[in-house]
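Peer 1: Numbering (the working numbering), first residue to last: 33 to 471.
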Amino acid sequence: MKLHLHLLGLPLLVALVHASPSNSTVVARAGTPKLVFAHFIVGIVDGYTQADWANDIALASATGIDAFALNIGTDPWTDPQLALAYAAARNTNFKLFISFDFAASPGFSDFNNQIVPRLRLYASDAAQLQWGNGALVSTFSGDGFDWSGVRSAVGTPLEIIPFYQAAFAHQDSTDGLFQWNAWPSQDNQPIDQTMSTAGDLFYQSQLGGSPYMAGVSPWFFTHYDPQTFNKNWLYLSDTLLIDRWNEILNLQPQLVELISWNDFGESHYIGPLHPERPSVYAPSGDSDGAIQWVAGFPHDAWRKIITPYIAAYKNGGPVTISAAVRPMIVYWYRPHPKGLSCSDPFLGPPTGQSFPADGVWAAALLASPATITITSGSFTLTQSAPAGINYFATGMGSGQPTFKLERNGAVITQGTGGLSIDLNSCNIYNFNAFVGSTR
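(1) Would you kindly work out how many angstroms separate the C-alpha atoms of glycine 380 and serine 156, rounded to a whole number?
(2) Under a three-way DSSP split, which group does glutamine 82 fall into?
(3) Which value, in whole angstroms, describes the spacing of the CA atoms of valine 392 and glycine 187?
(4) What does histidine 368 pair with, by DSSP beta-bridge criteria?
(5) I'd like to know whether the C-beta of aspartate 111 is nearer than 8 Å to at least one C-beta of chain C.
(6) Is it buried or exposed for alanine 115, if we count other Cβ within 10 angstroms and need 16 for buried?
(7) Run through DSSP, which three-state label would proline 112 get?
(8) Can you tell which of Pro377, His71, Lys436, Pro418 has the C-alpha that lies nearest to the C-alpha of glutamine 211?
(9) Strictly by DSSP, which residues pair up with valine 248?
(10) So, at 8 Å on beta carbons, what are the nonlocal neighbours of asparagine 262 in its own chain, with the 5 sequence-adjacent residues on each side left out?
(11) What three-state label does DSSP hand phenylalanine 234 in the structure shown?
(12) Three-state secondary structure (DSSP) at glutamine 284?
(13) Roughly how many angstroms lie between the CA atoms of asparagine 422 and proline 138, to the nearest whole one?
(14) Please name the residue in Gly429, Asn264, Ile338, Ser93 whose C-alpha comes closest to that of glycine 519.
(15) Leaving out the 5 sequence neighbours to the left and right, which residues in its chain are closer than 6 Å to phenylalanine 477 when beta-carbon positions are compared?
(16) Quickly, what does DSSP pair arginine 439 with across the bridge? List them, please.
(17) What residue range is occupied by the uninterrupted beta strand (DSSP E) comprising tryptophan 265?
(18) Is it the case that the Cβ atoms of asparagine 459 and cysteine 374 are separated by a distance below 8 Å?
(19) Relative to the C-alpha of asparagine 144, which residue among Ala355, Asp178, Asn123 is closest?
(20) Thinking C-beta only, is aspartate 270 closer than 8 Å to alanine 389?
(21) Opposite valine 169 in the DSSP bridges: which residues?
(22) Which runs of the alpha helix (DSSP H) spanning at least 4 residues fall entirely within the region 86-140, listed in chain order?
(23) Using DSSP with H/G/I as helix, E/B as strand and the rest coil, what is leucine 305?
(24) Just curious, the beta strand (DSSP E) that glutamine 197 is in, first and last residue?
(25) Are there 16 or more other CB atoms within 10 angstroms of the CB of glutamine 286, so buried, or fewer, so exposed?
(26) Would you please state the rounded distance, in angstroms, between the beta carbons of proline 382 and phenylalanine 466? I believe it to be under 8 Å.
(27) Whose C-beta lies closer than 7 Å to the C-beta of alanine 246 among residues of the same chain, with five residues either side of it excluded?
(28) Would you say serine 170 and alanine 86 are within 8 Å of each other, going by their C-beta atoms?
(29) Looking at the unbroken beta strand (DSSP E) that takes in serine 180, where does it start and where does it end?
(30) How big is the Cα-Cα spacing for leucine 290 and aspartate 107?
(31) Decide if the region 432-450 is in contact with the region 395-415; the criterion is three or more beta carbon pairs, one per stretch, under 8 Å apart.
(32) Locate the beta strand (DSSP E) running through phenylalanine 411, then write down its first and last residues.
(33) Who are the near neighbours of serine 228 in its chain, counting only those whose CB is closer than 8 Å to its CB and skipping five residues on each side?
(34) In terms of DSSP beta bridges, what is leucine 469 paired with?
(35) Relative to the C-alpha of threonine 64, which residue among Pro112, Gly166, Leu151 is closest?
(36) Thinking C-beta only, is glycine 468 closer than 8 Å to lysine 333?
See the structure below:
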């Protein structure tokens, strides 16, 4: 089962009724901290060792992320990997919680055999995230599932915050809601617009003070053959990461979930690539799998942007860059123009291909102002960059773009993009982002 392919990025057409929390619940949550999680797909990490888990946990913790939301189905390696994950986190400050994937595994409706045993095993574990009224539990989908039986059977206090696409049934058995949609879309289709907060505001208005968990994502592109999963579209993501974080700073939801740590199939991963383990890109060895658009396309540098935004979100203040942080540029761009015809053996261009700009983007992370220069082929941008995090863009030119920060006539950091842009040919339609930094 390929759980890495469940993530639909669906818009939410929600008719929502949620019981207002009791006064005791509001008081209990009054001092509950704002936390940030990263969605981690367990279904693609068959063969992970405890050391692999420890490495990912260390990287996430250094970014300011508090826990992994462990998306699970019913793969045979699910329970062995859960055991390794909890063992790796147990002696750290990093936490974990389970997100049951009802879309990939409808069998979760049989909660006595699939959900209850896992929560009995981990709800009181030292590595389990406790938040609000108990051990946090989430889902992908599962609309209308009644959690009352789970609560009774587990016995341990739970804080249940699921993602529902049309959430109006059994809301008295949950504690809050998570909105998955973190990309601009309408009626399940990509749109030529930037991300809106309409869904967030609707959720917040309907939840009556109960916890709301918002989704944040940096990108979305998927390109699977119809015979495999029939997923071939993108959502407009050029500056989505910074735009969405700025929305989060205004919204101030109780919780935030980054989508995702390792969903390579939809190109919104912020965790490390695994060239030593190509099965994470194509667990069944599919030649038309994500390895086509992921191999050689790191996204790690996006975590450099995420870290100060997490701090600002938790502190309730503006984004600031400490003087102790070296000035840097984080950049991202695609390998070819959007209108290029590719010799793709599997698929035509993705739905939404006309929406992105043909550009090169760069975010300057600065404690004090400087001047940024971006050069891509014949395009050059030179502009003042204020303190904080601000992004800039220039056109998409041929070859490897270059980036430079100067202050008082002296170069303080510079670098060259690790991927060459090809304006004339492409083997597949690849709208993934190549992400790097000047340090």
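Backbone N, C-alpha and C define an ideal beta-carbon position, used for all residues, glycine too.
Peer 2: With the given structure in hand:
(1) 49 Å
(2) Correct three-state label for glutamine 82: helix.
(3) Looking at the two C-alpha atoms, the distance is approximately 53 Å.
(4) Its beta-bridge partners do not exist; DSSP assigns none.
(5) Protein chains in the displayed structure number just one, and chain C is not present.
(6) exposed
(7) helix
(8) Taking only the C-alpha atoms, the option nearest glutamine 211 is His71.
(9) Leu290
(10) Exclusion of the five residues before and after asparagine 262 leaves Tyr256 as the residues of its chain whose Cβ lies within less than 8 Å of its Cβ.
(11) If DSSP states are grouped into helix, strand and coil, phenylalanine 234 belongs with the helices.
(12) coil
(13) The straight-line gap separating the alpha-carbon atoms of asparagine 422 and proline 138 is approximately 43 Å.
(14) Given that the chain is displayed from residue 33 to residue 471, the structure contains no residue 519 and the question cannot be resolved.
(15) In the structure as shown, the chain starts at 33 and stops at 471, and residue 477 therefore has no counterpart that could be examined.
(16) Ala442
(17) 263-266
(18) Closer than 8 Å, so yes.
(19) Asp178
(20) yes
(21) Ile192
(22) 110-121
(23) coil
(24) Where glutamine 197 is concerned, there is no enclosing beta strand (DSSP E), given that its DSSP letter is neither H nor E.
(25) buried
(26) The beta-carbon separation of proline 382 and phenylalanine 466, rounded to 17 Å, does not stay under the 8 Å limit for a contact.
(27) Gln211, Asp232, Ile280, Leu283, Pro285, Val288
(28) no
(29) Run containing serine 180: none in the beta strand (DSSP E); it sits in the alpha helix (DSSP H), 180-186.
(30) C-alpha separation (whole angstroms): 23 Å.
(31) yes
(32) 411-417
(33) Counting only Cβ-Cβ distances below 8 Å, and skipping sequence neighbours, we find Pro216.
(34) The sequence given here has serine at residue 469, not leucine. For serine 469, which the question treats as bridged, DSSP gives the partners Val362.
(35) Ranked by how close their Cα comes to the Cα of threonine 64, the residues Pro112, Gly166, Leu151 have Gly166 in first place.
(36) Strictly speaking, residue 333 in this sequence is alanine, with lysine absent from that position. It is a contact, given that the beta carbons lie within the stated cut-off.
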